[in-house]
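Colleague:
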Amino acid sequence: MGGIIFASCFDNSQRASIDVDRNAQVIVDLSIEIDAPQETVWRIQTGIDQWPAWQKNVAQAQLSGPIAVGSAFQWQTQGLSIVSTIREVDPMRRIVFGGPAQGIDGVHVWTITPTAKGVVVHTTESWDGPPVAADPDGMREALTSSLNAWLADLKKTAETAN
Numbered sequence: 021m022g023g024i025i026f027a028s029c030f031d032n033s034q035r036a037s038i039d040v041d042r043n044a045q046v047i048v049d050l051s052i053e054i055d056a057p058q059e060t061v062w063r064i065q066t067g068i069d070q071w072p073a074w075q076k077n078v079a080q081a082q083l084s085g086p087i088a089v090g091s092a093f094q095w096q097t098q099g100l101s102i103v104s105t106i107r108e109v110d111p112m113r114r115i116v117f118g119g120p121a122q123g124i125d126g127v128h129v130w131t132i133t134p135t136a137k138g139v140v141v142h143t144t145e146s147w148d149g150p151p152v153a154a155d156p157d158g159m160r161e162a163l164t165s166s167l168n169a170w171l172a173d174l175k176k177t178a179e180t181a182n
């Protein structure tokens, strides 16, 4: 009986997932259907060093280490230099990363869910900090535009990779 309790306490399906900052001033939640295998979408999305090759808004990206909790990567998008740290990885399904950039604290959750035709990619990102407080509507608009472009680029890249 003790073994069963121990197993249920440490079952991966029971662990709490990291979420965006639900108290942040800006939270954007978007999804897109992609007609490509889950493995293809995961490989493209987590191939951080290759982001500039397929994301028109990413000028530079470099991962220091493996796709694993605690690994950091530097990237530049729309003039922002960002250092993000991977906070959660559920291979083929979910990656969470975040960090500060010019006074904005961002947390970004990506989920890839298989469907009959391919996958649904769902992304939620929260932004908080003084620059966000100064212009929440403008920041929400900028983040929405950026994430829509990211999703469109991911869809195009994954669907043409097959």
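In the working numbering, each number is its position in the sequence shown, counted from 1, plus 20.
Each residue gets a CB set at the ideal place from its N, CA and C atoms; glycine is no exception.
On a Cα-Cα basis, can you pick out the residue from Ser91, Val127, Gly90 that is closest to Asp39?
Modeller: Start at 1 with the first residue of the sequence shown, and residue 39 comes out as number 19. That would be Val127, whose Cα lies nearest to the Cα of Asp39.
Colleague: Does the segment 164 to 179 come close enough to the segment 137 to 151 to have 3 or more Cβ pairs within less than 8 angstroms?
Modeller: Enough Cβ pairs lie closer than 8 angstroms, so yes.
Colleague: Kindly indicate which residue of Asp55, Ala44, Ile124, Val46 has the alpha-carbon position closest to the one of Ala136.
Modeller: On the sequence shown, residue 136 is found 116 positions in, with the first residue counted as 1. Answer by Cα proximity: Asp55.
Colleague: Output needed for Leu50: all residues of its chain with C-beta closer than 7 angstroms, excluding positions within five of it in sequence on either side, in chain order.
Modeller: For the purposes of this step, residue 50 is taken as residue 30 along the sequence shown, with counting starting at 1. Counting only Cβ-Cβ distances below 7 angstroms, and skipping sequence neighbours, we find Thr143, Leu167, Asn168, Leu171.
Colleague: Ile38 by DSSP, collapsed to three states: which one?
Modeller: Taking the first residue of the sequence shown as position 1, residue 38 is located at position 18. Three-state DSSP puts Ile38 in coil, outside helix and strand.
Colleague: CB-CB under 7 angstroms to Thr66, same chain, minus the five flanking residues each way: which ones, in chain order?
Modeller: On the sequence shown, position 46 is the one that residue 66 refers to. Excluding sequence neighbours, Thr66 sits near Ile87, Ile115.
Colleague: Please report the residue range of the beta strand (DSSP E) in which Gly119 lies.
Modeller: Taking the first residue of the sequence shown as 1, we reach residue 119 at position 99. Run containing Gly119: 114 to 121, per the beta strand (DSSP E) assignment.
Colleague: Does DSSP put Gly126 in a helix, in a strand, or in coil?
Modeller: Within the sequence shown, residue 126 is the residue found at index 106, counting from 1. Reduced to three states, the DSSP call for Gly126 is strand.
Colleague: Quick one: residues in its chain with C-beta nearer than 7 angstroms to the C-beta of Ala81, no 5 flanking neighbours on either side, listed in chain order?
Modeller: Indexing the sequence shown from 1 puts residue 81 at position 61. The residues are Ile68, Asp69, Trp71, Pro72, Phe93, Trp95.
Colleague: Taking the straight line between their C-alpha atoms, what separation do you get for Ile64 and Glu53?
Modeller: To locate residue 64, count along the sequence shown from 1; it is residue 44. To locate residue 53, count along the sequence shown from 1; it is residue 33. Cα-Cα distance, rounded: 15 angstroms.
Colleague: Which value, in whole angstroms, describes the spacing of the CA atoms of Thr60 and Thr133?
Modeller: Taking the first residue of the sequence shown as position 1, residue 60 is located at position 40. Taking the first residue of the sequence shown as position 1, residue 133 is located at position 113. When rounded, the distance between both Cα atoms is 12 angstroms.
Colleague: Let's test the definition: count the other Cβ atoms within 10 Å of the Cβ of Gly85 and tell me whether it reaches 16, buried, or not, exposed.
Modeller: Translated into the one-based positions of the sequence shown, residue 85 becomes position 65. Looking at its Cβ environment, which holds fewer than 16 other Cβ atoms inside 10 Å, Gly85 is exposed.
Colleague: For Thr97, I'd like the list of residues in its chain whose CB is within less than 6 angstroms of its CB, leaving aside the five on either flank, ordered along the chain.
Modeller: For this step, residue 97 is matched to residue 77 along the sequence shown. Taken in chain order, the residues that qualify are Asn77, Val78.
Colleague: Alpha carbon to alpha carbon, what distance is there between Gln75 and Ile102?
Modeller: Here the question's residue 102 lines up with position 82 in the sequence shown. Here the question's residue 75 lines up with position 55 in the sequence shown. The alpha-carbon atoms of Ile102 and Gln75 are separated by roughly 16 angstroms.
Colleague: Spatial neighbours of Thr164 within its chain, please: C-beta separation below 8 angstroms, excluding the five flanking residues on both sides.
Modeller: As a working note, residue 164 is residue 144 in the sequence shown. Val48, Leu50, listed in sequence order.
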